[in-house]
Amino acid sequence: LAQGIWAETSSARLGRSRFRITRGIPWQAVAMAVGKNKRLTKGGKKGGKKKAGDPFLKKEWYDIKAPSVFGVRQCGKTLVTRTQGTKIASEQLKGRVLEMNLADLNNDEDQAYKKVRLCIEEV
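In this text, residue positions in the sequence shown follow our numbering: the first is -6, and each later residue adds one.
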């Protein structure tokens, strides 16, 4: 018996406990660790939590210009995340679809019930 054999006893006096039978010292009580090992080492966890920053600090405003067919060229603004690494801000803008009111684009209140969808093609 190199490692020993585990045996369990239960009695009113001892409660339920575990003992290990080893060579030379029979029925020696084994001291078990109480509770979980929290692994609290110097410095705490690796990585940890990131600070929650404001996502709008990483954004830029871009002006939207309508085609020359409409009376108003400057028709709004849109937000886009700043260029970082391989993600280029102007590429994120291309392909976006905007829904504009035709009355705002032509300065004509009679067309207020119509909407126009514009797709961004170049920045």
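C-beta: ideal position from N, C-alpha, C; glycine also. Since the structure is predicted, the reported quantities are computational estimates derived from the model, not experimental observations.
The C-alpha of Asp56 lies about 4 Å from the C-alpha of Lys70. For Lys87, same chain residues with a beta-carbon under 8 Å away, outside a window of 5 residues either side, are Ile113, Glu114, Glu115, Val116 in chain order. For Gln85, the enclosing alpha helix (DSSP H) covers residues 82 to 86. Annotation: Gln67 to Gln104 spans about 18 Å, alpha carbon to alpha carbon.
Among the bridge pairs identified by DSSP, Thr74 is matched with Lys52.
DSSP places Asn94 inside the beta strand (DSSP E), whose first and last residues are 90 to 94.
Looking at the DSSP output, Cys112 bridges to Val90. Within the same chain, Cβ atoms closer than 8 Å to the Cβ of Arg75 are found at Lys51, Lys52, Glu53, Ala82, the five residues on either side in sequence being excluded. Remark: C-beta atoms of Ala96 and Lys80 do not approach each other more closely than 9 Å.
By the CB criterion at 9 Å, Leu72 and Met93 fall outside the cutoff.
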